[in-house]
Amino acid sequence: DGGITQSPKYLFRKEGQNVTLSCEQNLNHDAMYWYRQDPGQGLRLIYYSQIVNDFQKGDIAEGYSVSREKKESFPLTVTSAQKNPTAFYLCASSMSSGSVEQFFGPGTRLTVL
Amino acid sequence: QQQVKQSPQSLIVQKGGISIINCAYENTAFDYFPWYQQFPGKGPALLIAIRPDVSEKKEGRFTISFNKSAKQFSLHIMDSQPGDSATYFCAASTPADDYKLSFGAGTTVTVRA
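Line order of the protein sequences matches chains A and B. Its first residue numbered 1, the first sequence is counted upward by one per residue in the working numbering. Its first residue numbered 1001, the second sequence is counted upward by one per residue in the working numbering.
Here is the structure:
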């Protein structure tokens, strides 16, 4: 059963702690993306990766970091430098960077206390 | 600065009625316009998409109308059902920007039985 998995579904962290969100896909897609969703603001792109070992900043990359060591995995770290980290985080993938259709995972809701 | 402006923020429609959501854009390089449907706590799923070479695309009860000269496109949900209650996002992308999606802010549709 192909798809994108994100774990955990809910995550709670204390202020000042780094936290890593997992994203795995078995669709054999080259491109992967991380979005942040806040109420009333749509989805905003944090980072994206077109191929393994390469990634680019999106519109709101400050306070976040990523890695792409394997084609199927694209973890996102929310660092203590992110001023307002509480949000719903969505991972997506597409066949390649030139593919128009993106497929989304179920999301992780991060709450920083 | 949001590249795609979406309205209304929310709407309520009776079962069997028509829901209409509007989006406007400025970047004339956009050439792919998808609509995503998102249920609470889930990731968005592609609903329907259009290219600027056609003025209308219909899939079941969902229709996209596209006005290239006005730089506007809209989603019509015909015969709205309670199961259509969700948040809908319009988006746009261009090959000049690796087909990264620019999302509207979203419209929450509530269908009353």
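Just so you know, even glycine gets a beta-carbon here, dropped at the ideal spot from N, CA and C.
Taking 7 Å as the cut-off, the beta carbon of residue 106 of chain A is found no closer than this to the beta carbon of residue 22 of chain A. Looking at A/8, A/20, A/57, the one whose alpha-carbon comes closest to that of residue 79 of chain A is A/20. Contact between the region 59 to 68 of chain A and the region 38 to 49 of chain A is present, with at least three C-beta pairs closer than 8 Å. For residue 100 of chain A, the chain B residues whose C-beta falls within less than 8 Å of its own C-beta are 1032, 1034, 1049, 1093, 1099, listed in chain order.
Under the 7 Å criterion on CB atoms, residue 97 of chain A is classed as interfacial with respect to chain B. The residues 80, in chain order, have a CB closer than 7 Å to that of residue 17 of chain A in the same chain once the five nearest residues on each side in sequence are set aside. When the Cα atoms are used, residue 113 of chain A and residue 1070 of chain B turn out to be separated by approximately 45 Å. Apart from sequence neighbours up to five positions away, the residues of its chain that approach residue 1094 of chain B with a beta-carbon distance below 8 Å are 1027, 1029, 1030, 1031, 1032, ordered along the chain. If you look at residue 70 of chain A, you'll find it isn't in any beta strand (DSSP E); DSSP assigns it neither H nor E.
Looking at the DSSP output, residue 1025 of chain B sits in a beta bridge with B/1004.
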